[in-house]
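Visitor: One structure, pasted below without further comment.
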Ligand code: ARG
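In our numbering, the protein residues as written are 2 to 265.
Right, dumping it as C-alpha cells:
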C-alpha cells in the first residue's frame, strides 16, 4: 500500500495530539528526572530486601520529583562513578549522601543543603579507650569508602595511617570485624545505622571526629551545564520543606523533623 506523505504526516500529527490528550488526561507527566546514586549507603540510599532502592535520599528526590511534576528514574552506580555519570551518562542529578565540598564544586553544581552531617569512627569496643581522641588514629590501619570525605579526611589528618579503601561502608565494617583495620571512618548516620542493626551492639564503639574540625552538608549535585535544573531542584527542596513533606520523610527515617538542623 502506498501512503502519501501528506496523509502519513496527518496521521502522525493526529497520533501526537492523541498522545498529548491522553497523557494530560491521565495526569501522567512526560518530564523525566534521571537520578544517580550509590546503593549501599543506608539509611540514605540502599537496596532493601526486595531488591528495591530505598532510603531517605530516595524518598526525598521522589517527592521533589512528584511535587514538581517529574517522573523519577533512579539508577545505581559505584560511588566514584557518580560524577562521571552526571557528566556523561544522561543523569540529571546525584543524590547519595553527597557532601558539598569546594573540590567537588569545581566539577558539579550543588543544590541548597538538605542534611547536616559529620564523621564518626568505629573501633572494637575493647579499644575504645585507646582511641578516645580521634588524633590517636594516626599511624593505624584505617578502613574508608573510596572517594568519600571520610577517605579525604583521613588522608589529610592522618598522614602516618595506612588507608584501606573499599567500595562501600558495609565492606569497611566487614573488614573491621575481621580485624583488618583498627577503625572505620564513615558519615555518622551511616555508622549509627550499622550499629543499630548489628546483632551484638556491644562489639563496637563509636566516637565523633571533632565537630569543629568536620561539619558537612549533603547537597544534590547537578551538571554545571544545566543551571535551569539546579533552579528547579532548589525550588523543589523549598517546596517540600514548606508543604511538610520534607518533615514527614525525615521523621520517617530519623524519628524527628530535621528541618531546623539545616539552620545551624
Ligand atoms: N558524605 C560522604 C561524601 O560525600 C560519603 C558519601 C558516601 N555516599 C554513598 N552513597 N556511598 O563523600
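Even glycine gets a Cβ: it sits at the ideal position worked out from N, Cα and C.
As the structure is a prediction and not an experimental result, all values here were calculated from the model.
Less than 7 angstroms between the beta carbons of residue 141 and residue 183, yes or no?
Guide: Yes; because the gap between Cβ atoms is below 7 angstroms, this pair is in contact.
Visitor: Is it true that the CB of residue 114 sits closer than 7 angstroms to the CB of residue 146?
Guide: In terms of Cβ geometry, residue 146 and residue 114 do not form a close pair [threshold 7 angstroms].
Visitor: Between residue 77 and residue 55, what straight-line distance do the alpha-carbon atoms span, to the nearest angstrom?
Guide: Computed Cα separation, rounded: 11 angstroms.
Visitor: Grab me the residues of residue 186's own chain with a C-beta within less than 7 angstroms of its C-beta, minus the 5 sequence neighbours each way, in chain order.
Guide: The answer, listed in chain order, is 120, 122, 143, 145, 151, 154 and 155.
Visitor: Pick from 221, 111, 230 and 212: whose alpha carbon is nearest that of residue 57?
Guide: 221
Visitor: Measure the C-alpha to C-alpha separation of residue 130 and residue 205 and round it to an integer number of angstroms.
Guide: 12 angstroms
Visitor: Quick check on residue 190: buried or exposed, where buried means 16 or more other Cβ atoms within 10 Å of its Cβ?
Guide: buried
Visitor: Assuming residue 60 is part of the alpha helix (DSSP H), what are its boundary residues?
Guide: 57-69
Visitor: Span of the alpha helix (DSSP H) holding residue 32?
Guide: Where residue 32 is concerned, there is no enclosing alpha helix (DSSP H), given that its DSSP letter is neither H nor E.
Visitor: So within the stretch 133-172, which uninterrupted alpha helix (DSSP H) runs reach at least 4 residues, ignoring any that extend past its ends?
Guide: 150-158
Visitor: Tell me the residue span of the beta strand (DSSP E) that contains residue 124.
Guide: 120-125
Visitor: According to the neighbour-count rule (16 or more other Cβ atoms, all chains shown, within 10 Å of its Cβ), is residue 71 buried or exposed?
Guide: Looking at its Cβ environment, which holds 16 or more other Cβ atoms inside 10 Å, residue 71 is buried.
Visitor: Name, in chain order, the residues that DSSP records as bridge partners for residue 48.
Guide: 54
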